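**Student:** Questions regarding the structure given below will be posed in turn.
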Amino acid sequence: NRGLPVFYGDVSRPEVLQSFNVGNAKMIVTCMSDVETTNKAVVTLRRLYPHLPILARSSNSDHQKRLNNTLGVSAMTPVLPMDSMLLSLPF
1 NRGLPVFYGD VSRPEVLQSF NVGNAKMIVT CMSDVETTNK AVVTLRRLYP
51 HLPILARSSN SDHQKRLNNT LGVSAMTPVL PMDSMLLSLP F
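Printed below as a string of structure tokens:
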């Protein structure tokens with residue numbers, strides 16, 4: 001923890017963004033895994049705060065390209081080695 005603020009809420013709702021004081025942020029990072037939820041949030045953020053850089057989690061390379069090219073968002077797709085799937089198994 002470096003004293004940086006982290007917020008959790010429905011960022012597709014403008015009133016939530018206002019309560020988080022997003023207009024004063026240096027950057028916005030979204031970490032949602034669902035494509036539709038990510039798209040909705042990023043469109044709202046880009047519309048309300050066009051000057052802020054956005055780093056978004058994309059679900060796959062096609063989604064990453066759409067976010068990068070259409071909305072000017074820096075999008076990254078997490079790459080997890082197959083071994084990491086073993087960590088989620090209940091044994």
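Heads up: the sequence shown begins at 1 in the numbering used here, then just goes up one per residue.
Think of the CB as a built atom: it goes at the ideal place given N, C-alpha and C, for glycine as much as any other residue.
As the structure is a prediction and not an experimental result, all values here were calculated from the model.
Can you tell me whether A25 is helix, strand or coil according to DSSP?
**Tutor:** Coil at A25, not helix or strand.
**Student:** Do A75 and S58 count as a contact pair if the criterion is CB distance below 9 Å?
**Tutor:** Yes.
**Student:** When you compare the CB positions of L55 and V79, do they come within less than 9 Å of one another, or not?
**Tutor:** Contact flag unset, no.
**Student:** Taking the alpha-carbon positions, what's the R47 to G23 distance?
**Tutor:** The alpha-carbon atoms of R47 and G23 are separated by roughly 12 Å.
**Student:** Determine the burial state of L4: buried for a count of at least 16 other Cβ atoms within 10 Å of its Cβ, exposed for fewer.
**Tutor:** It is exposed - the Cβ of L4 has fewer than 16 other Cβ atoms within 10 Å.
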